[in-house]
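In terms of the working numbering, the sequence shown opens at residue 117 and continues consecutively.
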Amino acid sequence: MIELLFAVALSQQQIQDQCIYQAGVASRVQEVRQSGDDWEAFKATTQKIYKDDEGYHNLLGIAYLVYHKIPAELNPDQVFDLMFDTCKAGHKKPRKTEQEFNL
117 MIELLFAVAL
127 SQQQIQDQCI
137 YQAGVASRVQ
147 EVRQSGDDWE
157 AFKATTQKIY
167 KDDEGYHNLL
177 GIAYLVYHKI
187 PAELNPDQVF
197 DLMFDTCKAG
207 HKKPRKTEQE
217 FNL
(Lines of atoms letter the chains of each structure in order from A and count residues from 1; the text may use other names and numbers.)
(Lines give C-alpha, C1' and ligand atoms only; values in the text may rest on other atoms or scores of the structure.)
Protein backbone atom coordinates (compact mmCIF):
# COMPACT_ATOMS: atom_id res chain seq x y z
CA MET A 1 0.00 0.00 0.00
CA ILE A 2 2.79 2.43 0.87
CA GLU A 3 4.47 1.71 -2.46
CA LEU A 4 1.26 2.62 -4.27
CA LEU A 5 0.97 5.90 -2.39
CA PHE A 6 4.60 6.69 -3.16
CA ALA A 7 4.06 5.93 -6.85
CA VAL A 8 1.04 8.24 -6.96
CA ALA A 9 2.97 11.01 -5.20
CA LEU A 10 5.90 10.57 -7.55
CA SER A 11 3.58 10.71 -10.51
CA GLN A 12 2.03 13.92 -9.18
CA GLN A 13 5.51 15.39 -8.69
CA GLN A 14 6.45 14.48 -12.26
CA ILE A 15 3.30 16.17 -13.53
CA GLN A 16 4.09 19.25 -11.44
CA ASP A 17 7.65 19.36 -12.81
CA GLN A 18 6.45 18.88 -16.38
CA CYS A 19 3.92 21.68 -16.05
CA ILE A 20 6.48 24.03 -14.50
CA TYR A 21 8.88 23.29 -17.36
CA GLN A 22 6.25 23.86 -20.06
CA ALA A 23 5.05 27.07 -18.43
CA GLY A 24 8.62 28.33 -18.06
CA VAL A 25 9.35 27.68 -21.72
CA ALA A 26 6.12 29.42 -22.72
CA SER A 27 6.99 32.43 -20.56
CA ARG A 28 10.43 32.73 -22.15
CA VAL A 29 8.96 32.37 -25.65
CA GLN A 30 6.54 35.20 -24.86
CA GLU A 31 9.52 37.39 -23.88
CA VAL A 32 11.15 36.64 -27.24
CA ARG A 33 7.86 37.26 -29.03
CA GLN A 34 7.39 40.61 -27.31
CA SER A 35 10.93 41.63 -28.26
CA GLY A 36 9.82 41.60 -31.90
CA ASP A 37 10.34 38.09 -33.26
CA ASP A 38 7.49 36.73 -35.31
CA TRP A 39 6.79 32.99 -35.66
CA GLU A 40 8.99 32.52 -38.73
CA ALA A 41 11.92 34.37 -37.15
CA PHE A 42 11.57 32.29 -33.98
CA LYS A 43 11.57 29.03 -35.94
CA ALA A 44 14.57 30.09 -38.03
CA THR A 45 16.58 31.07 -34.96
CA THR A 46 15.79 27.89 -33.04
CA GLN A 47 16.62 25.71 -36.06
CA LYS A 48 20.14 27.17 -36.01
CA ILE A 49 20.58 26.54 -32.28
CA TYR A 50 18.92 23.19 -31.58
CA LYS A 51 19.36 19.78 -33.14
CA ASP A 52 16.33 18.11 -34.67
CA ASP A 53 15.22 15.91 -31.77
CA GLU A 54 12.30 15.39 -29.41
CA GLY A 55 13.30 18.33 -27.21
CA TYR A 56 13.38 20.66 -30.19
CA HIS A 57 9.96 19.49 -31.34
CA ASN A 58 8.59 19.94 -27.81
CA LEU A 59 9.96 23.50 -27.80
CA LEU A 60 8.34 24.21 -31.16
CA GLY A 61 5.03 22.79 -29.94
CA ILE A 62 5.00 25.06 -26.91
CA ALA A 63 6.18 28.04 -28.96
CA TYR A 64 3.47 27.42 -31.55
CA LEU A 65 0.83 27.67 -28.84
CA VAL A 66 2.34 30.90 -27.56
CA TYR A 67 2.54 32.51 -31.00
CA HIS A 68 -0.81 31.30 -32.30
CA LYS A 69 -3.11 30.86 -29.30
CA ILE A 70 -1.99 33.28 -26.58
CA PRO A 71 -2.63 37.02 -26.86
CA ALA A 72 0.56 39.00 -27.50
CA GLU A 73 -0.46 41.52 -24.83
CA LEU A 74 -0.13 39.06 -21.95
CA ASN A 75 3.05 39.52 -19.96
CA PRO A 76 5.37 36.52 -19.49
CA ASP A 77 4.12 35.91 -15.92
CA GLN A 78 0.54 35.73 -17.17
CA VAL A 79 1.63 33.30 -19.88
CA PHE A 80 3.37 31.16 -17.25
CA ASP A 81 0.22 31.03 -15.13
CA LEU A 82 -2.02 30.27 -18.10
CA MET A 83 0.19 27.47 -19.42
CA PHE A 84 0.74 25.99 -15.96
CA ASP A 85 -2.97 25.93 -15.18
CA THR A 86 -3.78 24.48 -18.60
CA CYS A 87 -1.16 21.76 -18.19
CA LYS A 88 -2.37 20.83 -14.71
CA ALA A 89 -5.99 20.73 -15.89
CA GLY A 90 -5.00 18.40 -18.71
CA HIS A 91 -3.61 15.90 -16.21
CA LYS A 92 -6.62 15.74 -13.92
CA LYS A 93 -8.38 12.41 -13.95
CA PRO A 94 -12.15 12.57 -14.05
CA ARG A 95 -13.80 11.18 -10.95
CA LYS A 96 -15.67 7.96 -11.37
CA THR A 97 -19.28 7.97 -10.34
CA GLU A 98 -20.89 5.21 -8.33
CA GLN A 99 -22.58 4.01 -11.50
CA GLU A 100 -19.22 3.62 -13.26
CA PHE A 101 -18.06 1.46 -10.36
CA ASN A 102 -21.24 -0.60 -10.65
CA LEU A 103 -22.21 0.16 -7.06
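Think of the CB as a built atom: it goes at the ideal place given N, C-alpha and C, for glycine as much as any other residue.
Item to complete: Pair every Cβ in the segment 128 to 147 with every Cβ in the segment 195 to 205, then say whether three or more of these pairs are closer than 8 Å.
Response: Yes, the segment 128 to 147 touches the segment 195 to 205.
Worksheet entry | residue 191, DSSP secondary structure in three states | In this structure, residue 191 counts as coil in the three-state DSSP scheme.
Practice prompt. Answer with buried or exposed for residue 165, where buried requires no fewer than 16 other C-beta atoms within 10 angstroms of its C-beta.
Written response: Around the beta carbon of residue 165, a 10 Å sphere encloses fewer than 16 other beta carbons of the protein chains shown; the residue is thus reported as exposed.
Worksheet item: Hey, would you say residue 146 sits closer than 8 Å to residue 182, going by beta carbons?
Response: Result yes, Cβ atoms of residue 146 and residue 182 sit closer than 8 Å.
Item to complete: Note the first and the last residue of the continuous alpha helix (DSSP H) segment covering residue 172.
Response: Element bounds for residue 172: 170 to 185.
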